[in-house]
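Chemist: If you scroll down you'll find the structure; I have some questions about it.
2 protein chains.
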Amino acid sequence: MSVTIKDVARRAGVSPSTVSRVISKHPRISKETAERVTRVMEELGYHPNSMAKGLVSKATYILGVILPRPAEELFQNYFFHEVLRGILAQANRSGYDLLIASGSSESDELETVKRLVRGRRVDGIILLSSKTKDPLIHFLNEVGFPFVIIGRSPDFPDAPTVDNDNVQAAYDATRHLINQGHERIGFVSGPQELTVSQDRLTGYRQAMLEAGLSISEDWIVEGEFLQETGYRAMSMLMNLPERPTALVVIDDIVAFGVLHGLNELGYSVPQDMCLVGFNNISLSEHTSPPLTSVDIGTYQIGYMTAQTLIKTISKEPLHQTRKIIPHRLIVRGSSVK
Amino acid sequence: MSVTIKDVARRAGVSPSTVSRVISKHPRISKETAERVTRVMEELGYHPNSMAKGLVSKATYILGVILPRPAEELFQNYFFHEVLRGILAQANRSGYDLLIASGSSESDELETVKRLVRGRRVDGIILLSSKTKDPLIHFLNEVGFPFVIIGRSPDFPDAPTVDNDNVQAAYDATRHLINQGHERIGFVSGPQELTVSQDRLTGYRQAMLEAGLSISEDWIVEGEFLQETGYRAMSMLMNLPERPTALVVIDDIVAFGVLHGLNELGYSVPQDMCLVGFNNISLSEHTSPPLTSVDIGTYQIGYMTAQTLIKTISKEPLHQTRKIIPHRLIVRGSSVK
DNA sequence: TCCCTCCGTGCAATCGTTACCACACAAATG
DNA sequence: CATTTGTGTGGTAACGATTGCACGGAGGGA
Chain A
1 MSVTIKDVAR RAGVSPSTVS RVISKHPRIS KETAERVTRV MEELGYHPNS
51 MAKGLVSKAT YILGVILPRP AEELFQNYFF HEVLRGILAQ ANRSGYDLLI
101 ASGSSESDEL ETVKRLVRGR RVDGIILLSS KTKDPLIHFL NEVGFPFVII
151 GRSPDFPDAP TVDNDNVQAA YDATRHLINQ GHERIGFVSG PQELTVSQDR
201 LTGYRQAMLE AGLSISEDWI VEGEFLQETG YRAMSMLMNL PERPTALVVI
251 DDIVAFGVLH GLNELGYSVP QDMCLVGFNN ISLSEHTSPP LTSVDIGTYQ
301 IGYMTAQTLI KTISKEPLHQ TRKIIPHRLI VRGSSVK
Chain B
1 MSVTIKDVAR RAGVSPSTVS RVISKHPRIS KETAERVTRV MEELGYHPNS
51 MAKGLVSKAT YILGVILPRP AEELFQNYFF HEVLRGILAQ ANRSGYDLLI
101 ASGSSESDEL ETVKRLVRGR RVDGIILLSS KTKDPLIHFL NEVGFPFVII
151 GRSPDFPDAP TVDNDNVQAA YDATRHLINQ GHERIGFVSG PQELTVSQDR
201 LTGYRQAMLE AGLSISEDWI VEGEFLQETG YRAMSMLMNL PERPTALVVI
251 DDIVAFGVLH GLNELGYSVP QDMCLVGFNN ISLSEHTSPP LTSVDIGTYQ
301 IGYMTAQTLI KTISKEPLHQ TRKIIPHRLI VRGSSVK
């Protein structure tokens, strides 16, 4: 049916082994033969059968990406998309394809990963979210399969990860608000079990403590990565007797919800409330007022993750198992009067 | 190394053929054997090697998704993401995985597709964008490889596609504005070569014509799927001597740019300008004012596309090669005074 | 009782590559 | 000139599954 290595061999007047050697650039092949074979391959439109190749070489040149489950409602659209672009770019550069998968429940997800690993469908796995007590990490760690986590996992300190210094990032964001003269600063968080929520909350507390400012626990609202969370948080916070004058918000999307709610109630940003978000998604530049946000180098996270995974697969030593991508506070209208 | 069908066979006291038959639910296998083998498979944590399987069966159970090139700057983040979720859901339900790929240039992209097809890396391909004179469609059509286009391709009317009735959708959006009493209505478009731009423009013109309203060509601005386009279009349109009082905007993202620009210049929506967008992304509910938008059933598009492709792969006849997903106008504050 | 049919299972070829081993021949060494 | 070293290539056995063919035994009909 389709053109195989044998067809090329016959047409070029050599053996299949020789063709295989030409493809893998074996040193002991004569220049003339190599050229002739290459020409024939192009003539016939030959491409090696990936499965035959994979069967013998035990490599698929596919990286698996496990998406967070939509069911958990913590699907960070915009963040995820940028990360994926970064992963894809680096994977392609290194000759890898990307297989994306998800599960509809935790056990389903684990089953999927087992299938991918045991069925040799991918050479390595990228986990896009990291929570504490993650059974996926546990499994991958146990069977010794190459994987990289985006974020960090306190339960498996040796697992390779790519992450921001989220504590420092939140510290910087909070510090920025303190520098503007704010004393009552609130924090709108994501789901507790995610390390990113925990870390940013820590950074916020640190900055407040260091500045000698006290935190009312009413100022800390937990939710999900959705505008609804921001909207709801806003109405709770604005009804407090002693309400904050500024907010650090876990994600720009959530901050949009806050902004919208404030607008609706006739409050003005930054006069009545200052806002700082995270992720610096492209829309943040185009709200009214534009949103101050911590740029966490989302694309670069993806890029670096793929690179780390590929190194792990080819058994190159990693000089550091925990890579930190630098962040940068982008100050815009939502936080300066 | 890893557990194979032979290990299972040995442990269960049967031949590898029998194990294979148990897996594929061959009818002529005794119930007892089937149960015993199944138990052993679970005990050993056996998963069939996907490449050995694929080599002989000539099926990979992988669908390829070709992303639009970022270089073209027509990467519709939010649209794409929802579609992908739909594709993924349906693919998983049918036992398929998803491989995503893109190219950095047109020829690179074609090369990637050739590699996927000829190298038997995927069983079928989904094209996420459809433009006129698309070399990918030409190639896939020529070699007779299963594929489905999201959108439509005027050059290949027989190719299976999943699409909206974009002419009608834009007609409805425009009609809605006309019903509100507007007479000078503008249109902010995406790249000309995309069929979606062409179709929506057609629908807009149709509605205007039918209502006996004349269109000034100054009211039609072409750009890309970016906020910048909206921002720029807005400033051009507001400087016209006879400026429109309402706009149909090709995508919500672009409409955000318009909205932001208007806010910045102190114009108010909907008093000074009414807006209708497309795609009804989740943020549209949370702008100030909330954005009226045509919901095109993005998730369902993905879902249906995967379903159609899988049918094509298994050579089931399609009762219709061109599937239309219904749209729905969601009226919000940006278009009613 | 004999033959035919059907059921459950094993044997062996096959899918398209890779990689080890062998071999012919040329060049270099003593 | 004999021997070693090296170069370019072919033959063949894997890799881990599927599948057509064959075969022994049980059951049913004549």
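Heads up: the sequence lines are chains A and B, in that order.
Per the working numbering, residue 1 is the first one in the first sequence, and the count goes up by one each step.
Per the working numbering, residue 1 is the first one in the second sequence, and the count goes up by one each step.
Ideal Cβ placement from N, Cα and C applies to all residues, glycine included.
Source: prediction; values computed, not measured.
Note down, one range per segment and in chain order, each alpha helix (DSSP H) of at least 4 residues found wholly within the segment 195 to 241 of chain A.
Modeler: Segments of the alpha helix (DSSP H) lying fully in the segment 195 to 241 of chain A: 195 to 210, 227 to 238.
Chemist: Which residues of chain B have a Cβ atom closer than 7 Å to the Cβ of A/Thr287, listed in chain order?
Modeler: Position 287 of the first sequence, counted from the start, is the residue given in the question as residue 287 of chain A. His260, listed in chain order.
Chemist: Quick check on the DSSP output: what are the complete alpha helix (DSSP H) runs of length 4 or more inside the segment 9 to 58 of chain A, in order along the chain?
Modeler: As far as the segment 9 to 58 of chain A is concerned, its whole alpha helix (DSSP H) runs of at least 4 residues are 16 to 23, 31 to 44, 50 to 57.
Chemist: Does DSSP classify A/Asp97 as helix, strand or coil?
Modeler: In the first sequence, counting from the first residue as 1, residue 97 of chain A sits at position 97. Looking at A/Asp97 - three-state DSSP - the assignment turns out to be strand.
Chemist: Look up B/Arg328 in the DSSP assignment and say whether it is helix, strand or coil.
Modeler: Position 328 of the second sequence, counted from the first residue, corresponds to residue 328 of chain B. The answer is strand: DSSP assigns B/Arg328 an E or B state.
Chemist: Quick check: the Cα distance between B/Ile126 and A/Leu265, rounded to an integer number of angstroms?
Modeler: The sequence position of residue 126 of chain B within the second sequence is 126, counting from 1. The sequence position of residue 265 of chain A within the first sequence is 265, counting from 1. When rounded, the distance between both Cα atoms is 45 Å.
Chemist: Output the residue ranges of the beta strand (DSSP E) runs that lie fully inside the segment 230 to 300 of chain B and measure 3 residues or longer, sorted by chain position.
Modeler: Counting only runs of 3 or more, we get 246 to 249, 274 to 278, 292 to 295.
Chemist: Could you tell me the distance, in whole angstroms, from the CA atom of A/Ser104 to the CA atom of B/Asp218?
Modeler: Here residue 104 of chain A is taken as the residue at index 104 of the first sequence, counted from 1. Here residue 218 of chain B is taken as the residue at index 218 of the second sequence, counted from 1. Going by the C-alpha atoms only, they are around 49 Å apart.
Chemist: Grab the span of the beta strand (DSSP E) containing B/Ser189 for me, first residue to last.
Modeler: The residue given as residue 189 of chain B occupies position 189 in the second sequence. Per DSSP, B/Ser189 belongs to the beta strand (DSSP E) from 185 to 189.
Chemist: Could you list which residues in chain B have their beta carbon closer than 9 Å to that of A/Ile100, in chain order?
Modeler: The residue given as residue 100 of chain A occupies position 100 in the first sequence. Going along chain B in sequence order, the residues near A/Ile100 (Cβ under 9 Å) are Val65, Leu84, Leu88, Asp97, Leu98, Leu99, Ile100.
Chemist: Are the C-beta of B/Phe156 and some C-beta of chain A separated by less than 8 Å?
Modeler: What you label residue 156 of chain B is simply residue 156 of the second sequence in a count that begins at 1. No, because no Cβ of chain A sits closer than 8 Å to the Cβ of B/Phe156.
Chemist: Regarding A/Glu142 and the ligand NAD, is the C-beta to nearest heavy atom distance less than 7 Å?
Modeler: Judged by which ligands are present, the structure shown has none, so any question about the ligand NAD falls away.
Chemist: From the beta carbon of B/Lys114, is the nearest beta carbon of chain A less than 8 Å away?
Modeler: As a working mapping, residue 114 of chain B is identified with position 114 in the second sequence. It does; some Cβ of chain A falls within 8 Å.
Chemist: If you run the structure through DSSP and keep just helix, strand and coil, what is A/Gly64?
Modeler: Within the first sequence, the letter at position 64 stands for residue 64 of chain A. Three-state result, A/Gly64: strand.
Chemist: Would you call the segment 190 to 206 of chain A and the segment 243 to 256 of chain B touching, i.e. three or more CB-CB distances under 8 Å?
Modeler: Judged by Cβ distances under 8 Å, the segment 190 to 206 of chain A makes no contact with the segment 243 to 256 of chain B, as fewer than three pairs qualify.
Chemist: Going along chain B, which residues have a C-beta under 8 Å from A/Gln227?
Modeler: Residue mapping note: residue 227 of chain A aligns to position 227 of the first sequence, counting from 1. Per Cβ cutoff of 8 Å: Ser282, Leu283, Glu285, His286.
Chemist: Count the other C-beta atoms from every protein chain shown that fall within 10 angstroms of the C-beta of B/Ser293, then say buried if there are 16 or more, exposed otherwise.
Modeler: Position 293 of the second sequence holds residue 293 of chain B. Buried: at least 16 other Cβ atoms inside 10 Å.
Chemist: In chain A, which residues lie less than 8 Å from B/Arg118 when you measure between Cβ atoms?
Modeler: In the second sequence, residue 118 of chain B corresponds to position 118, counting from 1. Ordered by position in chain A, the residues that pass the 8 Å Cβ test against B/Arg118 are Ser2, Val3, Gly45, Tyr46, His47.
Chemist: Give the interface partners of A/Leu177 over in chain B, defined as CB-CB distance under 9 Å, in chain order.
Modeler: As a working note, residue 177 of chain A is residue 177 in the first sequence. Simply none; closest approach about 23 Å.
Chemist: Threshold first: 3 residues or longer. Then list the beta strand (DSSP E) segments lying entirely within the segment 105 to 154 of chain A, N to C.
Modeler: Qualifying beta strand (DSSP E) stretches, in chain order: 124 to 127, 147 to 150.
Chemist: Can you name the residues of chain A whose CB is closer than 7 Å to the CB of B/Ser50?
Modeler: Reading the second sequence from its first residue, position 50 is the one you call residue 50 of chain B. Near B/Ser50 (Cβ distances below 7 Å), the residues of chain A are Gly119, Arg120, Arg121.
Chemist: Does B/Gly297 get closer than 8 Å to chain A when you measure Cβ to Cβ?
Modeler: Here the question's residue 297 of chain B lines up with position 297 in the second sequence. No, no contact with chain A.
Chemist: Leaving out five residues before and five after A/Val117 in sequence, what residues of the same chain have Cβ atoms less than 6 Å from its Cβ?
Modeler: Numbered from 1 along the first sequence, position 117 holds the residue referred to as residue 117 of chain A. Cβ within range, chain order: Phe145.
Chemist: Thinking C-beta only, is A/Ser153 closer than 8 Å to A/Ile178?
Modeler: Against the first sequence, residue 178 of chain A aligns to sequence position 178. Against the first sequence, residue 153 of chain A aligns to sequence position 153. No, Cβ-Cβ distance for A/Ile178 and A/Ser153 is not below 8 Å.
Chemist: Just checking my contact of B/Ile325 with B/Asp295 at CB under 8 Å: how many whole Å lie between their CB atoms?
Modeler: Reading the second sequence from its first residue, position 325 is the one you call residue 325 of chain B. Reading the second sequence from its first residue, position 295 is the one you call residue 295 of chain B. Not really, about 10 Å apart at Cβ, beyond 8 Å.
Chemist: DSSP three-state label for B/Glu73, please.
Modeler: Taking the second sequence and counting its residues from 1, one reaches residue 73 of chain B at position 73. Reliability fails at B/Glu73, whose pLDDT of 49 lies under 50, so the model's placement of it is uncertain and the value that follows must be treated cautiously. Coil at B/Glu73, not helix or strand.
Chemist: Using 8 Å for Cβ pairs, my map puts A/Arg232 next to A/Leu291. What's the rounded Cβ distance?
Modeler: Counted from its first residue, the first sequence places residue 232 of chain A at position 232. Counted from its first residue, the first sequence places residue 291 of chain A at position 291. About 19 Å; that fails the 8 Å criterion.
Chemist: Please check the pair B/Thr202 and B/Ile185, which I expect to be a contact at CB under 8 Å, by giving their CB distance rounded to whole angstroms.
Modeler: Indexing the second sequence from 1 puts residue 202 of chain B at position 202. Indexing the second sequence from 1 puts residue 185 of chain B at position 185. Their Cβ separation, rounded to whole angstroms, is 15 Å, which puts B/Thr202 and B/Ile185 out of contact at 8 Å.
Chemist: What would DSSP say about A/Thr4, mapped onto helix, strand or coil?
Modeler: As a working note, residue 4 of chain A is residue 4 in the first sequence. Coil at A/Thr4, not helix or strand.
Chemist: Where does A/Lys323 fall in DSSP's three states?
Modeler: For this step, residue 323 of chain A is matched to residue 323 along the first sequence. Strand.
Chemist: Could one say the Cβ of A/Gly181 lies closer than 8 Å to chain B's Cβ atoms, at least one of them?
Modeler: Counting from one through the first sequence, the residue named residue 181 of chain A turns up at place 181. No, A/Gly181 lies away from the interface with chain B (no Cβ there is under 8 Å from its Cβ).
Chemist: Classify B/Asp172 as helix, strand or coil using the three-state DSSP reduction.
Modeler: Taking the second sequence and counting its residues from 1, one reaches residue 172 of chain B at position 172. B/Asp172: helix per DSSP, three-state reduction.
Chemist: Is the shortest distance between the beta-carbon of A/Leu55 and the beta-carbons of chain B less than 8 Å?
Modeler: As a working mapping, residue 55 of chain A is identified with position 55 in the first sequence. Yes, its Cβ sits closer than 8 Å to a Cβ of chain B.
Chemist: Taking Cβ positions only, does B/Thr60 come closer than 8 Å to chain A?
Modeler: To locate residue 60 of chain B, count along the second sequence from 1; it is residue 60. True, the Cβ-Cβ gap to chain A drops below 8 Å.
Chemist: Starting from B/Gly257, find everything on chain A with Cβ-Cβ shorter than 8 Å and list it in chain order.
Modeler: If you number the second sequence from 1, residue 257 of chain B lands on position 257. In chain order: His286.
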